[in-house]
Amino acid sequence: MIDGANNQCFKILSDTGNYFLKCFCEHTQNSHKKLVNEFQFTQLLHKQGIKDVATPIAYCEQNLVALYSLLPGQPIRRSSPTLVEDAFDFINRINTATYDLAIPKASDATEEVADFLKIVFNRLQRFSQIDTIEDVEVKTLLAQIEQRAKQISEQTLQWTLALECQHLSPSDFGFHNALIDADGKLAFFDFEYAGLDSYWKLVCDFFSQPKVPVDTNTFSSVSKLNVSPSFDNHKAEFLACFELTQLKWCLIMLNAFDPQIAQRRAFARHEYCFDSKSSNNQLSKTTMQLNKCKQYMQAIPEKLNVLDDILSAQHWKI
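Reminder that position 233 of the sequence shown reads as 254 in the numbering used here, one-by-one numbering, no gaps.
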């Protein structure tokens, strides 16, 4: 079995080849949609000769499973400027290919700046409906996130600025969903939420995901993308979107306190709610996530300062 946060994942070794089997939780909302979307997106890339992804073999909607070739390589432990450039090279290549099929919008696709606000407030709304959260520190963090999001929403910005939501995006794009082989070549996976999206959201997520952090000082690699409009012309809007994305990832870290998501993650680890050992382990992990979220929030202002300096120092055609 291979570690998976939300799904059961298995490595299958045979005389004919090595494979990766992904099993989705039947009790999770949208499992069917995510299964099909991921398989079809991978199939789309593979047909265009993109070799940085697994080969899609088959999937079964009834049993919520999909079979892929097993990608070579190991998880990435630390980001580097070279890896950042390689990651954006992958994005360039998948957007240079020609696709003859209609491609759906990515999950939470951002068509305008205001959509970044909606994503955060929608997640806050979901937390407000959870009546089992009793931890004072969690409630305090949620209140702080909501307060800051409201402050950002009151800024005088071009909230209706169109973001060209027409670029192919893995959606949950980052080194947490990539492998590196012995030759330093990257391979990417986890396309459950993939589709058409703006590069603003892709870039913000890439520099915000906390599992394998990407140094904001490597942001200059983004200039390799052929994107519009320019960040320097809309710096205030982009910085707001970046901070909102950071707040979104704080909320994602606090998903450990969402019973529905906890159930999905227990499924991925073969744990059961009535297993006391698993319950104690889950309690320890939620505490770790809480501390991680607090540290992450404290680092947001410094990241914004670094990004502001970089965007002010040179011209960006993005």
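We put the CB at the ideal spot given by N, CA and C, even for glycine.
Would you list, in sequence order, the uninterrupted beta strand (DSSP E) runs of no fewer than 3 residues that lie entirely inside the stretch 25-109? 29-35, 38-44, 77-81, 86-90
Just reading off the beta strand (DSSP E) that residue 163 is part of, what are its end residues? Counted from its first residue, the sequence shown places residue 163 at position 142. Careful: residue 163 lies outside any beta strand (DSSP E), inside the alpha helix (DSSP H) at 157-174.
Answer with buried or exposed for residue 81, where buried requires no fewer than 16 other C-beta atoms within 10 angstroms of its C-beta. Along the sequence shown, read from residue 1 onward, the residue named residue 81 stands at position 60. Label assigned to residue 81: exposed.
If residue 208 sits next to residue 190, beta carbons under 8 Å apart, how far is it from one beta carbon to the other, in whole angstroms? Here residue 208 corresponds to residue number 187 of the sequence shown, with the count starting at 1. Here residue 190 corresponds to residue number 169 of the sequence shown, with the count starting at 1. In fact, because the Cβ distance is near 17 Å, the residues do not count as touching under 8 Å.
Since residue 277 and residue 306 should fall inside the 8 Å C-beta cutoff, what is the C-beta to C-beta distance between them, to a whole number of angstroms? Within the sequence shown, residue 277 is the residue found at index 256, counting from 1. Within the sequence shown, residue 306 is the residue found at index 285, counting from 1. Yes, they are in contact, since the Cβ atoms of residue 277 and residue 306 sit about 6 Å apart, within 8 Å.
According to the neighbour-count rule (16 or more other Cβ atoms, all chains shown, within 10 Å of its Cβ), is residue 280 buried or exposed? Reading the sequence shown from its first residue, position 259 is the one you call residue 280. Exposed, since its Cβ has fewer than 16 Cβ neighbours within 10 Å.
Going by DSSP, name the residue or residues bridged to residue 126. As a first step, residue 126 is located in the sequence shown; it is residue number 105 there, counting from the start. BP columns for residue 126 point to 217.
Beta-carbon gap between residue 30 and residue 86 smaller than 8 Å: As a working note, residue 30 is residue 9 in the sequence shown. As a working note, residue 86 is residue 65 in the sequence shown. Not closer than 8 Å, so no.
Beta-ladder partner(s) of residue 209, from DSSP: Taking the first residue of the sequence shown as 1, we reach residue 209 at position 188. According to DSSP, residue 209 bridges with 199.
So the beta strand (DSSP E) residue 189 belongs to, where does it begin and stop? Locating residue 189 in the sequence shown gives position 168, where the first residue counts as 1. 188-190 is the span of the beta strand (DSSP E), which, as asked, contains residue 189.
Does DSSP classify residue 323 as helix, strand or coil? Counted from its first residue, the sequence shown places residue 323 at position 302. Here residue 323 sits in helix by DSSP.
Can you check whether the CB of residue 246 is closer than 8 Å to the CB of residue 109? What you label residue 109 is simply residue 88 of the sequence shown in a count that begins at 1. What you label residue 246 is simply residue 225 of the sequence shown in a count that begins at 1. It is a contact, given that the beta carbons lie within the stated cut-off.
Restricting to Cα atoms, I'd like to know which of 187, 141, 56 is closest to residue 125. The sequence position of residue 125 within the sequence shown is 104, counting from 1. Closest by alpha carbon: 187.
What whole-angstrom Cβ distance do residue 196 and residue 170 have, given they're in contact under 8 Å? Start at 1 with the first residue of the sequence shown, and residue 196 comes out as number 175. Start at 1 with the first residue of the sequence shown, and residue 170 comes out as number 149. That pair is no contact at about 27 Å.
Compute the distance between the beta-carbons of residue 218 and residue 192, then report whether it is under 8 Å. Along the sequence shown, read from residue 1 onward, the residue named residue 218 stands at position 197. Along the sequence shown, read from residue 1 onward, the residue named residue 192 stands at position 171. Yes.
Beta carbon of residue 104, beta carbon of residue 97: below 8 Å? In the sequence shown, counting from the first residue as 1, residue 104 sits at position 83. In the sequence shown, counting from the first residue as 1, residue 97 sits at position 76. Their beta carbons are under 8 Å apart, which means residue 104 touches residue 97 by this criterion.
Alpha carbon of residue 259 to alpha carbon of residue 334, nearest angstrom: For the purposes of this step, residue 259 is taken as the residue at position 238 of the sequence shown. For the purposes of this step, residue 334 is taken as the residue at position 313 of the sequence shown. Roughly 15 Å separates the two Cα atoms.
So which of 54, 94, 270 has the shortest CA-CA distance to residue 227? Counting from one through the sequence shown, the residue named residue 227 turns up at place 206. That would be 270, whose Cα lies nearest to the Cα of residue 227.
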